[in-house]
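Taking it in order: structure first as structure tokens, then the write-up.
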Amino acid sequence: MAQVEIRDVRHAYSTKAGPLPVLDGLELSVPEGDFCAVVGPSGCGKSTLTRLVAGLMKPDEGEVWLHGELVKGPRKTVGMAFQNPVLLEWRTILDNVILPLEIVAPSMPRKDRVARAMELLDMVGLSGFENKRPSELSGGMRQRASLCRAIVHKPDVLIMDEPFGALDAFTREDLWQTMRALRQAEPFTALLITHDLRESVYLGDQVVVLSGRPARTQYVLDVTLPADRPLDILYTQEVGEMLHVLRDQIKIAQGRPVEGAA
Amino acid sequence: MSERVRQIIVPILAILIFLAGWEALVWINGWPNYVMASPSDLPAAYSRFADLFLIGAWQTLWRTVLGLLIAVFAGLALGMLMGFSRTMRDALYPLLVGFNAIPKATLVPVLALLFIGQHDFNTVMMAFLISFFPIAVSISVGLSTLEPEYRDILRALGASRMTIFMKIALPKTLPEFFGALKVSVTLAFIGTNLVEIVSPHGRGLGALFLSGQTNSNYPLMFAVLIALALLGIVLYYAVVALEKIFAGWAERQES
Numbered sequence: 038m039a040q041v042e043i044r045d046v047r048h049a050y051s052t053k054a055g056p057l058p059v060l061d062g063l064e065l066s067v068p069e070g071d072f073c074a075v076v077g078p079s080g081c082g083k084s085t086l087t088r089l090v091a092g093l094m095k096p097d098e099g100e101v102w103l104h105g106e107l108v109k110g111p112r113k114t115v116g117m118a119f120q121n122p123v124l125l126e127w128r129t130i131l132d133n134v135i136l137p138l139e140i141v142a143p144s145m146p147r148k149d150r151v152a153r154a155m156e157l158l159d160m161v162g163l164s165g166f167e168n169k170r171p172s173e174l175s176g177g178m179r180q181r182a183s184l185c186r187a188i189v190h191k192p193d194v195l196i197m198d199e200p201f202g203a204l205d206a207f208t209r210e211d212l213w214q215t216m217r218a219l220r221q222a223e224p225f226t227a228l229l230i231t232h233d234l235r236e237s238v239y240l241g242d243q244v245v246v247l248s249g250r251p252a253r254t255q256y257v258l259d260v261t262l263p264a265d266r267p268l269d270i271l272y273t274q275e276v277g278e279m280l281h282v283l284r285d286q287i288k289i290a291q292g293r294p295v296e297g298a299a
Numbered sequence: 250m251s252e253r254v255r256q257i258i259v260p261i262l263a264i265l266i267f268l269a270g271w272e273a274l275v276w277i278n279g280w281p282n283y284v285m286a287s288p289s290d291l292p293a294a295y296s297r298f299a300d301l302f303l304i305g306a307w308q309t310l311w312r313t314v315l316g317l318l319i320a321v322f323a324g325l326a327l328g329m330l331m332g333f334s335r336t337m338r339d340a341l342y343p344l345l346v347g348f349n350a351i352p353k354a355t356l357v358p359v360l361a362l363l364f365i366g367q368h369d370f371n372t373v374m375m376a377f378l379i380s381f382f383p384i385a386v387s388i389s390v391g392l393s394t395l396e397p398e399y400r401d402i403l404r405a406l407g408a409s410r411m412t413i414f415m416k417i418a419l420p421k422t423l424p425e426f427f428g429a430l431k432v433s434v435t436l437a438f439i440g441t442n443l444v445e446i447v448s449p450h451g452r453g454l455g456a457l458f459l460s461g462q463t464n465s466n467y468p469l470m471f472a473v474l475i476a477l478a479l480l481g482i483v484l485y486y487a488v489v490a491l492e493k494i495f496a497g498w499a500e501r502q503e504s
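Protein chains in written order, with our numbering: chain A, 38 to 299; chain B, 250 to 504.
Right, here's the structure in full:
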């Protein structure tokens, strides 16, 4: 059974100049435990997609299913991470990570919450920083803490909206590896919105290319790479060909001519 | 010199220099007491009217603090209304700005007529009326400019509006709130004194000031002014202490 299923979703925002359609016939299916990366031109409605899956808004038409249930509103079984780590400055890193547990598992003893948070902080290399404030950490470390917070309550689905977008290239690669390590330690289904094609291939089991606005599913690439992926894999010919295909698809989505095409 | 000692000595030194300058100004100009009192005249005034100062200071203080507390609750409520609802914001802003623009001295007779003889009530009311505006505005701006992502991390988990307010919106607004409270505490103080001086009813430091004026006791009047300044400093730093406790996280560590 697919964990995330999006069926023919259409959505428009109302603006002064009339309705602005952003999604038009979006189809998406992510099997349980799979990692789905979504790429597309800027402003094509990718962030709207995350809000729909999270139940923060309802589509005008079509259906979003999570774990065999129709999404009608927010649910405790999703985790979210954004480009901005949105850590709460008045809380320590530890208490930031614990935050979702306060909502999802109010009766869980503090001791167990701390143990769970520490386990994750340790996994992303932040043990020793749990009592620091977010302002004392670097951008990459803050994003690591944000990822821990997104999965601390063991969500079925992790929804990420360009979480690595604001990081420098080296930090970003570090976080890709952290992401893969996290998934190996605790399997979850993931939906990642990104602008970075290499990132989409390195992390994804499938890469979905959205067309320009209004977005529909234009192309789906199955990433046929082994689960164990060293960073070097990005420099293999196999990945090179995948990136080439994706790049051409993005050009089509942007309505620009594909290089080398007649 | 340690940082702590420096923090105490520097302001005290500044005050002493100010007093010395004042003393020198009066001395150089040869002003008699009935033109302008000098700092050296004040101790005598304080010791002579010590009881009246203590009673007056207490009356001024409790009415200011009570008015400010009401302003905090009312400002919080109004700020929440305007912060969460666009309609309320559009409706209330012009009203509040207009009300804030009215010189509060003109309201003293209005209050005095509305609640004849209710001196404590009138004074508290004025302290409240003059000081709630900054608090309401700061809370409303803080809430309405909250980045949607902050709300979404809890909303996506099905948290209630109240939970989101308590766990995210309120603490995130605290630095702005305390910034406003520092303005409000001074305003509330002015409100209390305004009523005490403009609508005389024999209570508070304002009344003591008036009796100094009636008896042409200039040292007494200046002694009241200095006492008011001291009370103002105490109230202000009480707010700073609260800010350190509740919003100390917003202060950047100096490196």
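Glycine included, every Cβ here is placed at the ideal spot set by N, Cα and C. No experiment lies behind these values; they were computed from the predicted model shown.
Query                                                                                                           : Result
Three-state class that DSSP yields for Ser51 of chain A in the structure shown                                  : strand
Whether Phe426 of chain B touches Ser387 of chain B by CB criterion (7 Å)                                       : yes
Three-state secondary structure (DSSP) of Glu278 of chain A                                                     : helix
Residues sharing a beta bridge with Ala227 of chain A, DSSP                                                     : A:Phe72, A:Leu195
Selected residue, minimal CA-CA separation from Pro424 of chain B, among B:Phe471, B:Pro397, B:Phe414, B:Glu500 : B:Glu500
Asp369 of chain B - containing alpha helix (DSSP H), residue span                                               : 368–393
Among A:Val244, A:Leu228, A:Val260, A:Thr261, nearest to Ala118 of chain A - alpha-carbon criterion             : A:Leu228
Distance, Ile365 of chain B Cα to Ser504 of chain B Cα                                                          : At Ser504 of chain B, the pLDDT of 44 sits below 50, so the modelled position is not reliable; the number obtained from the coordinates is stated separately. If I take the Cα positions, the gap works out to 57 Å.
Whole-angstrom C-beta distance between Val488 of chain B and Val444 of chain B, which should lie under 8 Å      : At roughly 22 Å, the Cβ-Cβ gap does not stay under 8 Å, so Val444 of chain B and Val488 of chain B are not in contact.
Anticipated Cβ contact below 8 Å, Lys113 of chain A with Gly407 of chain B, distance rounded                    : 6 Å
Contacting residues, own chain, Cβ-Cβ under 8 Å from Thr412 of chain B (five flanking each side not counted)    : Leu403
Where the beta strand (DSSP E) through Ala418 of chain B begins and ends                                        : Taken as a continuous stretch (DSSP letters only), Ala418 of chain B belongs to no beta strand (DSSP E), as it is neither H nor E.
Cβ of Asn121 of chain A within 7 Å of any chain B Cβ                                                            : yes
Buried/exposed call for Leu158 of chain A, threshold 16 Cβ in 10 Å                                              : buried
Among A:Glu278, A:Leu247, A:Pro251, nearest to Thr261 of chain A - alpha-carbon criterion                       : A:Glu278
Residues of the stretch 408–421 of chain B with Cβ closer than 8 Å to any Cβ of chain A, in chain order         : Ala408, Thr412, Lys416, Ile417, Pro420, Lys421
Interface flag, Pro111 of chain A vs chain B, CB-CB below 7 Å                                                   : yes
CB contact below 7 Å: Ile379 of chain B versus chain A                                                          : no
Any chain B beta carbon closer than 7 Å to Pro137 of chain A                                                    : yes
Whole-angstrom C-beta distance between Ala182 of chain A and Val134 of chain A, which should lie under 8 Å      : 6 Å
Reference Asp198 of chain A, options A:Thr208, A:Leu184, A:Phe207, A:Lys191, closest by Cα                      : A:Leu184
Contact set for Met337 of chain B: own chain, Cβ-Cβ below 7 Å, skip 5 residues either direction                 : Leu330, Met331
Helix, strand or coil at Asp233 of chain A according to DSSP, with G and I counted as helix                     : coil
7 Å Cβ cutoff, Arg404 of chain B in contact with chain A                                                        : yes
Start and end residues, beta strand (DSSP E) containing Trp102 of chain A                                       : 98–103
is_contact[Met178 of chain A, chain B] using C-beta, thresh 7 Å                                                 : no
Proximity test, Ile277 of chain B beta-carbon vs the ligand GTP heavy atom, cut-off 6 Å                         : As presented, the structure is devoid of all ligands, the ligand GTP included, so that no description of it is given.
Neighbour flag for Tyr399 of chain B against chain A, beta carbons, 7 Å                                         : yes
Limits of the alpha helix (DSSP H) - the one that Gly116 of chain A falls within                                : Run containing Gly116 of chain A: none in the alpha helix (DSSP H); it sits in the beta strand (DSSP E), 115–119.
Start-to-end residues for the beta strand (DSSP E) that takes in Val260 of chain A                              : Unbroken run through Val260 of chain A: none, as it is neither H nor E.
Interface residues of the stretch 144–156 of chain A facing chain B [CB-CB below 9 Å]                           : none
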